[in-house]
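Written out below as structure tokens is the structure these notes cover.
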Amino acid sequence: ANDLIWVGMLRRIILRGPCRSPFKTSSTSSSITRNFSFTYPTPRKLDELVKVHLLMLEEPARIKEIWEDYHHGKPGVWAGALSGSRKYEVLMQRGLKCPRFVFPIGAPGGGYSVLVSQFQGKHCLLTSLNDLQEKQADAPAHLVITYYDELVKEKDLVLVRTDICNTAISEQAARNVTRALIEKYLTAKGYEQVDKFNHDPRNFPVEEYVADENNRC
113 ANDLIWVGML
123 RRIILRGPCR
133 SPFKTSSTSS
143 SITRNFSFTY
153 PTPRKLDELV
163 KVHLLMLEEP
173 ARIKEIWEDY
183 HHGKPGVWAG
193 ALSGSRKYEV
203 LMQRGLKCPR
213 FVFPIGAPGG
223 GYSVLVSQFQ
233 GKHCLLTSLN
243 DLQEKQADAP
253 AHLVITYYDE
263 LVKEKDLVLV
273 RTDICNTAIS
283 EQAARNVTRA
293 LIEKYLTAKG
303 YEQVDKFNHD
313 PRNFPVEEYV
323 ADENNRC
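Count the sequence shown with our numbering and you get residues 113 to 329, in order.
In structure tokens, the structure reads:
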């Protein structure tokens, strides 16, 4: 029942506007409530990207610096880190319980576009609201956030990488969305909104939320 309400809420955003999406869309038929369709744009294991055994020799602050330096200047990617195994544990638990949320971002020429998130294990996919409406379950991921937790036990650190799959999204916007998502799931006020969006969508004012400039990423 909540899935049907959730779908209706998202459709109302499109009908009401003023969403201005820079994302291309095309029509297909499927179920909007299923997971997005995509191919992972990044290796799913940390050792496919870096030499983990060498990172183990460094302190957490230095690991974070190495990780960010490694990605600096590379197009279509943003890198950061999440400190604290407990924070990561809570994030994963809440992502499993409440996999979806909406993130409005500023659009070129004014207005805004809306990204819809979907947690899938250690990844969080975000597609555009317009694509979700048009392509439904075949909606492509525009951002893919990956949490690499191979170091969390020894270093209390999770490395985060956001791949930009749609060039209309800037690196700054990708960074802002990644940070906003973590904040939403780890703060009391933010998670209250996430929980209501997932489990009590009828009482979540989604149109007002995405239209409020204070919620823009």
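Don't be surprised by glycine CBs; every beta carbon is placed ideally from N, CA and C.
Where residue i falls, given that 16 or more other Cβ within 10 Å makes a residue buried
{"i": "Lys176", "result": "buried"}
{"i": "His165", "result": "exposed"}
{"i": "Asp312", "result": "exposed"}
{"i": "Gly185", "result": "exposed"}
{"i": "Asp111", "result": "Past the boundaries of the shown model lies residue 111; the chain is included only from 113 to 329, so the question cannot be answered."}
{"i": "Lys345", "result": "The structure shown does not extend to residue 345, since the chain is modelled only from 113 through 329, so no value can be given for it."}
{"i": "Leu208", "result": "exposed"}
{"i": "Ser133", "result": "Since pLDDT at Ser133 reaches only 40, below the 50 mark, its modelled position is unreliable, and no value is offered."}
Nonlocal neighbours in the same chain, by C-beta distance under 6 Å from residue i, ignoring five residues either side
{"i": "Leu330", "result": "Shown here, the chain extends from 113 to 329; a query on residue 330 therefore has no answer."}
{"i": "Ile257", "result": "Cys236, Thr274, Thr290"}
{"i": "Val189", "result": "His183, Asp275"}
{"i": "Pro211", "result": "Gln230, Phe231"}
Residue i: first and last residue of the uninterrupted alpha helix (DSSP H) it sits in
{"i": "Ser197", "result": "197-209"}
{"i": "Phe309", "result": "300-311"}
{"i": "Gln245", "result": "241-247"}
{"i": "Arg174", "result": "172-183"}
{"i": "Leu161", "result": "From DSSP, Leu161 is part of no alpha helix (DSSP H); its letter is neither H nor E."}
Limits of the unbroken beta strand (DSSP E) element including residue i
{"i": "Gly218", "result": "212-218"}
{"i": "Asp275", "result": "269-276"}
{"i": "Val228", "result": "224-232"}
{"i": "Ile257", "result": "255-260"}
Presumed contact (8 Å Cβ cut-off) between residue i and residue j, rounded CB distance
{"i": "Ala191", "j": "His183", "result": "4 Å"}
Cβ-based neighbour list, residue i, same chain, cut-off 8 Å, excluding 5 preceding and 5 following
{"i": "Tyr200", "result": "Leu194, Tyr259, Asp261, Val264, Val270"}
{"i": "Ala292", "result": "Phe215, Cys329"}
{"i": "Lys296", "result": "Phe213, Gly302, Tyr303, Gln305, Val306"}
7 Å Cβ shell around residue i - same chain, five flanking residues per side excluded
{"i": "Pro317", "result": "none"}
{"i": "Lys218", "result": "For the sequence presented, residue 218 should be read as Gly rather than Lys. Excluding positions up to five away in sequence, the list reads Tyr224, Arg328."}
{"i": "Asn315", "result": "Lys308"}
{"i": "His254", "result": "Phe135, Leu227, Leu238, Thr239, Ser240, Cys277, Asn278, Ile281"}
Near the ligand FAD: residue i beta-carbon under 8 Å from a heavy atom
{"i": "Asn327", "result": "For the structure depicted, the ligand FAD is absent and the ligand set is empty, with no information on it obtainable."}
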